[in-house]
Every structure is written in structure tokens, then in C-alpha cells.
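Numbering (our numbering), first residue to last: 1 to 584.
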């Protein structure tokens with residue numbers, strides 16, 4: 001397998017036959033140039049791996065503030081006259097894109113996809129075209145950066161990145177084309193509500209069919225009525241519903257015709273039909289009780305750092321998560337590669353999608369986080385694996401909600417916007433503590449703070465404004481109503497264990513005292529698991545965490561994905577937490 005190219009199709013939820021990968025070797029340089037000057041490209045880098053990752057081929061003493069990429073493009077002759085889009089899966093943080101010296105697009109944000117129409121600046125006479133990308137980043141905590149080190153570095157922060165870290169590719173499309181998808185299934189009546197976003201307004205028709213490879217189960221053809229967003233509803237005959245135990249996916253075919261009946265765009269997708277609800281203190285999947293057995297997964301990888309070395313590495317992470325007894329991954333402080341979501345869809349793993357946080361409340365944080373979060377929801381709201389949106393974590397960036405109403409308004413506003421874009425999933429407004437709004441009440445409790453988890457949880461359930469959390473945080477803010485909400489312990493565990501060969505470059509970090517043997521490690525994990533199991537009010541938990549990352553060594557696996565305990569033992573421990581009649 002060629003680990004340097006990432007050749008797989010980058011956007012599995014919306015596929016077209018014609019596309020061209022630009023992954024591979026690019027010209028590269030670091031440092032800015034004066035206005036009007038052209039940078040001198042004196043290095044090579046392997047895209048989509050960020051500088052200082054092994055697979056990028058480039059290492060520097062410190063991350064630069066500005067980097068430049070350059071690549072010669074040869075546009076296929078068959079594409080001439082079409083609208084040609086440049087797609088960048090993700091690029092951190094401020095990007096400016098040039099074709100043949102002409103700026104064709106800008107982007108601000110490190111996680112949402114970038115799409116730019118290059119056509120006006122392309123040479124269509126067969127000449128080669130020059131693509132150049134300038135990326136600027138810094139250490140500001142006023143921007144969403146997740147766990148990337150900034151002007152400060154907590155024990156849970158890691159080395160930062162700059163630049164391209166997801167696949168880059170070209171795609172020819174019509175003047176009006178299918179741009180994004182959303183799907184909402186309701187068990188009662190077997191009804192699918194489908195939303196298709198177009199790149200522009202159109203008078204014509206949109207056809208959608210759902211099939212199992214042998215027969216059509218349902219579909220519809222609707223008039224577009226000079227709109228750029230088409231909403232429709234149709235019945236699906238006798239579907240097999242998607243769940244972690246049975247991740248059934250159906251093929252979806254989309255066809256877009258103009259007013260003359262001519263086909264102008266077609267694309268393929270897939271759908272997993274399932275319904276997620278929060279009702280009367282319970283989580284429900286397809287109308288049946290759901291108990292979350294989750295793992296915190298931060299999405300860092302050997303060799304590629306922010307980027308998996310291969311598509312198979314993403315698949316293996318999903319498979320490993322399931323093999324350890326978990327049915328859900330909380331993708332923490334990172335918006336993951338859509339290929340991860342594809343494998344979660346295909347193999348059957350629920351996913352909580354979380355927005356990377358900033359840590360300084362400011363106008364920039366409000367605008368940047370809002371813009372990028374809306375785009376990420378649009379990117380991922382057709383994936384059946386995604387069951388919950390998490391815009392904030394532990395009040396990061398909104399530290400003073402109790403005395404600064406604008407910060408609480410920000411959290412509540414983002415919860416409302418999230419629901420406006422997607423009413424088919426649950427929203428966790430502020431994961432960890434200080435609940436203000438959302439569909440779940442989620443709490444973070446670790447051992448080593450006096451009483452057991454079960455005892456501390458009982459206190460906060462009886463008194464939501466009890467100060468049982470770090471820095472005097474409360475379970476719920478004044479006036480917030482948690483009555484009838486499902487309660488989940490979405491961070492717990494965190495038991496550290498120094499793996500063999502740990503380099504000690506930074507002081508090892510974990511939660512609580514670290515056991516000194518594998519037997520002691522298993523014993524500590526079992527004790528916490530039993531405590532969580534004994535907290536009967538819970539509808540789920542999330543264990544910290546899947547892998548070690550740099551100095552943080554509380555993973556169930558090493559950074560290289562080697563289990564610290566026998567996987568069968570871990571599956572037995574975590575699979576036995578919670579009600580045993582709920583196996584999803």
C-alpha cells in the first residue's frame with residue numbers, strides 16, 4: 001500500500017465518477033514574502049500530511065507561522081468548459097488560493113472543507129496551470145484549535161500543526177450541481193426526509209432512489225422550483241434499520257435535470273436508516289433503549305500526526321474501538337476525516353462529533369467557531385453514525401457563563417443554530433458541566449477526588465448546582481432545567497500506565513495515581529468500571545481514552561495501537577457496564 005498518497009475517494013457520502021487526486025509531492029516553503037513578491041519554493045512536502053509529521057517528509061525546529069504550497073496542474077482535456085472545483089478536506093488555519101497568479105478563494109478555519117471554483121483563472125488551451133496556496137497560522141487561543149498547543153500548553157495539549165492535513169482533489173461539475181446532503185429517518189411510517197443542497201438555483205427536477213443493489217426500496221422525483229435547497233419526503237419499503245449491531249447501508253442515486261429534461265449532474269451516496277431520540281430520561285435508537293459504551297478518541301496518528309497514514313488505519317481504529325467493547329466514539333476536540341465517518345457508518349459505530357474549542361472568549365472566537373461549526377454540520381449530517389453534535393467542551397472559551405450573559409448566550413445560540421440545521425440528532429450544548437441547553441445532561445467525573453464516582457454523581461443529581469467539578473464548576477447553570485434528560489458520564493477513567501519504551505521527553509500525565517504493573521492497571525480499571533456500573537441513573541459513559549498521545553499516557557492502547565491489556569479482558573470489562581439487556 002502506498003502510504004504517501006491517500007488515494008481513496010475523499011468524500012464518500014457524495015461521490016462522482018470524475019475526479020483527480022492532488023495528493024503526493026508538492027513544492028513547499030516556509031516563511032512569508034513581501035507583497036508582490038513570489039516565494040522561492042526550496043523544499044518538497046507530501047500532501048496531505050502536515051509539516052513535522054513523519055509522512056510529510058519535512059521536519060522543522062518549530063512550526064512556522066506561514067507556509068506556501070505549489071503544484072502544477074494538468075487539466076484533463078475532457079474537462080474543458082466545465083466548472084472545475086478545487087477541494088481541500090481541511091487546512092489549518094487561514095488559506096489563500098491562487099491559480100496562475102490570480103486569487104480565486106480564501107478560507108478561515110482549520111477543520112471544515114474548502115471548495116473553490118478555479119474555472120475563471122484556468123487556461124483552457126491545454127497549457128499547464130500553476131496552483132499556489134498560502135496558509136497562515138499562529139498560537140492564538142481566540143481561534144478554535146482543540147488540543148493543539150497555543151500560547152499556553154496544558155498537560156492535555158499536544159504539538160500543533162499548520163497547513164493542509166486532509167486530501168486535496170479536483171472535480172469537474174456543471175454550472176449547477178449537487179453540493180451537500182442531509183437525511184432524517186422516522187420509524188413511524190418508514191419515512192425519509194431528504195435535503196439536497198445545490199450550488200445555485202435551478203428550474204428542473206431532482207430524482208432520488210434508494211436501493212439495496214437488487215431492487216428499489218423507495219424514492220421520489222421533485223421539481224426544484226428555482227431553489228438551491230430541495231427538501232422532499234418519501235416512503236421506504238420494509239427497511240432494515242441501521243444500528244451498531246447491524247450497520248445496514250443502502251445505496252442512494254441522485255440525478256439532477258434542467259428544465260429541458262437534460263441530465264446535468266448525477267451523484268451516488270448511501271444511507272443508514274435509523275432514528276435517534278431523547279425521551280423521558282432515556283436514549284432511544286430506532287425506538288429501543290440505547291446505552292452508550294463510549295471511548296474518547298482524539299484522532300492523532302503515528303507517522304501522520306493529525307492525518308491517518310492510510311484509509312486502512314482509519315478502518316482499523318473503528319474496528320479496534322468495537323473490539324474493545326465500545327459502541328460509540330466521542331471524537332474529542334477534532335473534526336475527523338470524513339473517511340473515518342464512512343468506516344463508522346459501514347462497520348457500525350456511533351459517533352459524537354465535537355467542535356474544537358478556543359479558550360479565550362472574543363469576537364473572533366464567536367464568528368470563527370460559528371462559521372466553521374455550521375459548515376461541519378452540513379458536511380456530516382448525512383452520515384448515519386453521527387448521533388450527537390457537541391459544540392462546546394467543559395466551558396472552554398466560555399469560562400464565565402455564570403456572570404457574563406453574553407457567553408451563555410453564545411452557547412445557547414449555537415445549540416439553537418445546530419438544531420436549526422439538523423433536528424434529527426441530539427445536541428450536547430456544553431459537555432462536562434455547566435449545562436444550560438441541549439438534549440442530554442453530560443458530566444465529567446474522575447477518580448481521586450474524595451468520594452467515589454457513584455457517590456459524587458448522586459449528589460449532583462440531587463442538587464444540579466452543586467460544585468463538584470474543577471474550579472467550582474456546577475452541574476447545571478442557574479435556571480437551566482435538567483428534568484427528564486438522559487444523564488451520561490462522558491469522561492471517566494483516565495488511568496495512566498507508562499508503556500515500555502516511553503521516551504520521557506515530557507512528564508507523563510494521567511488522572512490519579514498510575515499503577516506500576518499490568519495487573520494493577522487491570523485492577524484499577526475494573527474498580528472504576530464497577531463504580532460506573534453501580535451508578536444506575538446513567539444512560540451511558542465515555543472512557544478516557546483510546547490511545548496514548550505524547551505525554552498523556554492514559555490510553556487503553558499505546559500511540560502505536562498496541563493494547564495495554566488483553567483486548568478480550570477489556571471487552572469483558574467495558575461490555576459489562578450498564579444494563580445487559582441493552583446491547584446496542
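Note that CB positions come from ideal geometry on N, CA and C, so glycine has one too. Since we're looking at a predicted model, the values are computed, not measured.
Check: C-beta atoms of residue 534 and residue 490 nearer than 8 Å; Outcome: no
Check: For residue 169: DSSP bridge partner residues; Outcome: 21, 87
Check: Residues of its chain near residue 202, where Cβ-Cβ distance is below 6 Å and the 5 sequence neighbours each way are ignored; Outcome: 176, 224
Check: Close-in-space but distant-in-sequence residues of the same chain around residue 446 (CB under 6 Å, 5 per side omitted); Outcome: 494, 511
Check: Residue 168 versus residue 9: straight-line alpha-carbon distance, rounded; Outcome: 10 Å
Check: Residue 389 versus residue 354 - alpha carbon distance; Outcome: 6 Å
Check: According to DSSP, residues forming a beta bridge with residue 190; Outcome: In the DSSP output, where bridge partners are listed per residue, residue 190 has none listed.
Check: 8 Å Cβ cutoff met for residue 488 and residue 540; Outcome: yes
Check: Three-pair Cβ contact test at 8 Å for the stretch 27–45 versus the stretch 56–66; Outcome: yes
Check: Three CB pairs or more closer than 8 Å across the stretch 330–343 and the stretch 299–307; Outcome: yes
Check: Residue 128, DSSP secondary structure in three states; Outcome: coil
Check: Nearest candidate by alpha-carbon position, reference residue 280, set 273, 272, 290, 198; Outcome: 290
Check: Three CB pairs or more closer than 8 Å across the stretch 520–539 and the stretch 568–581; Outcome: yes
Check: In DSSP terms, what residue 95 is bridged to; Outcome: 107, 135
Check: Reduced DSSP secondary structure (H/G/I, E/B, other) of residue 416; Outcome: helix
Check: Cβ pair count under 8 Å reaching 3, the stretch 115–131 against the stretch 341–356; Outcome: no
Check: Any 3 or more C-beta pairs closer than 8 Å across the stretch 340–349 and the stretch 359–374; Outcome: no
Check: Delimiting residues of the alpha helix (DSSP H) encompassing residue 574; Outcome: 567–575
Check: Cβ-based neighbour list, residue 2, same chain, cut-off 8 Å, excluding 5 preceding and 5 following; Outcome: Reliability fails at residue 2, whose pLDDT of 49 lies under 50, so the model's placement of it is uncertain and no value is given.
Check: For residue 187 and residue 287, believed in contact at Cβ under 8 Å, the rounded distance; Outcome: 5 Å
Check: Opening and closing residue of the beta strand (DSSP E) in which residue 73 lies; Outcome: 66–73
Check: Residue 374: first and last residue of the uninterrupted alpha helix (DSSP H) it sits in; Outcome: 363–380
Check: Per-residue DSSP class, three states only, for residue 11; Outcome: coil
Check: Local conformation of residue 289 per DSSP, three classes; Outcome: strand
Check: Supposed close pair residue 417, residue 387 - CB separation, criterion 8 Å; Outcome: Contact flag wrong, Cβ pair sits at about 19 Å.
Check: Best match in 11, 275, 500, 379 for proximity to residue 190 [C-alpha to C-alpha]; Outcome: 275
Check: Within the stretch 500–547, ranges of the beta strand (DSSP E) (whole runs, at least 3 residues); Outcome: 538–544
Check: Run of the alpha helix (DSSP H) containing residue 323, from where it starts to where it stops; Outcome: 311–323
Check: Residues of its chain near residue 77, where Cβ-Cβ distance is below 8 Å and the 5 sequence neighbours each way are ignored; Outcome: 126
Check: Backbone secondary structure at residue 1 - three-state DSSP; Outcome: Confidence at residue 1 is low in this model, with a pLDDT of 40, below 50, so the placement of that residue should be treated as unreliable; the coordinate-derived value is given next. Coil at residue 1, not helix or strand.
Check: Straight-line gap, residue 485 to residue 441 (C-alpha atoms, nearest Å); Outcome: 6 Å
Check: Counted within 10 angstroms of its Cβ, other Cβ atoms place residue 263 as buried (16 or more) or exposed; Outcome: exposed
Check: CB of residue 56 within 8 Å of CB of residue 40, strictly; Outcome: no
Check: Distance between beta carbons of residue 85 and residue 170, contact taken as under 8 Å; Outcome: 7 Å
Check: Beta-ladder partner(s) of residue 204, from DSSP; Outcome: 258
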